[in-house]
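Report on the following structure.
Residue numbers (our numbering): 416 to 622.
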């Protein structure tokens, strides 16, 4: 992570407009077709949540804007991405788990299994630190929701995706999600293209 001069980036105008805005977060809702992930989960014994997190990381890695993030009143540049997931702990609480993104799905799956088990058993969060631009996620998989708007406290500017239970109809399975991001980091068009890439990664994943 390093500080960059916003004027030397493509986000210069957005930085001036939104860095001190009282509510600079934007939320977009989209329904994804996750039929392929459900099939892969069944055939290969993989976690649906893990597959979603990997596809999110894969799509984000192809989206330039994810490598910049406003932190305080500064614009920071990153060269590594991570995906955060919320883990139910052994003492019936929840805690956070950061997962470095690996392009290799099997490597990511091994890290996912190890780190989420560590957090579940210890009850303590696993955090990677400031070297990673972390994409937050929260899966309310037992609830039938259309999406959610995350809290904005002025200190956590990271992009965040939330989803609930997927929905089956005939031969298709869909999943409504919400994607929240800081307007300094990206515009709606960038977010829309990211969500299109996410759908492409979900539909095109083969093992």
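Virtual Cβ for every residue (Gly too), placed ideally from N, Cα, C.
Note that the coordinates shown come from a computational prediction; the quantities given were computed from them, not determined experimentally.
Check for me: the beta strand (DSSP E) holding residue i runs from which residue to which?
i	result
residue 446	440-448
residue 483	483-486
residue 480	It is not in any beta strand (DSSP E) - residue 480 carries neither H nor E in the DSSP assignment.
residue 620	Premise fails: residue 620 is in no beta strand (DSSP E) and is neither H nor E.
residue 514	509-515
residue 492	489-492
residue 426	Neither: residue 426 is in no beta strand (DSSP E) and is coded neither H nor E.
residue 583	582-584
Report all residues from its chain with a CB closer than 6 angstroms to the CB of residue i; omit the five preceding and five following residues, and keep chain order.
i	result
residue 595	440, 442, 565 and 575
residue 618	451
residue 517	523
residue 577	553, 563 and 593
residue 551	499, 573 and 575
residue 605	480
residue 416	491, 493, 545 and 546
residue 582	589
Could you give the residue range of the alpha helix (DSSP H) that holds residue i?
i	result
residue 566	Note, residue 566: premise wrong, no alpha helix (DSSP H); not H, not E.
residue 551	No alpha helix (DSSP H) contains residue 551, which is instead part of the beta strand (DSSP E) from 548-554.
residue 542	Residue 542 -> no alpha helix (DSSP H), and no H or E assigned at all.
residue 436	Run containing residue 436: none; DSSP gives neither H nor E here.
Inspect the beta-carbon positions of residue i and residue j and report whether they are closer than 8 angstroms.
i	j	result
residue 588	residue 453	yes
residue 421	residue 496	no
residue 510	residue 534	yes
residue 549	residue 507	no
residue 504	residue 538	yes
residue 590	residue 419	no
residue 483	residue 528	no
residue 622	residue 447	no
Helix, strand or coil: how does DSSP classify residue i here?
i	result
residue 614	helix
residue 599	coil
residue 504	coil
residue 573	coil
residue 591	strand
residue 461	coil
residue 417	strand
Who are the near neighbours of residue i in its chain, counting only those whose CB is closer than 7 angstroms to its CB and skipping five residues on each side?
i	result
residue 580	556, 557, 558 and 559
residue 609	474, 475 and 478
residue 530	512, 514 and 541
Around the Cβ of residue i, are there at least 16 other Cβ atoms within 10 angstroms (buried) or fewer (exposed)?
i	result
residue 437	exposed
residue 435	exposed
residue 481	buried
residue 542	exposed
residue 430	buried
residue 502	buried
residue 611	exposed
Leaving out the 5 sequence neighbours to the left and right, which residues in its chain are closer than 8 angstroms to residue i when beta-carbon positions are compared?
i	result
residue 476	496, 516 and 518
residue 607	443
residue 586	450
residue 486	572
Can you tell me whether residue i sits near the ligand MN, meaning its C-beta is under 7 angstroms from at least one heavy atom of the ligand?
i	result
residue 546	This structure lacks the ligand MN, and indeed carries no ligand of any kind.
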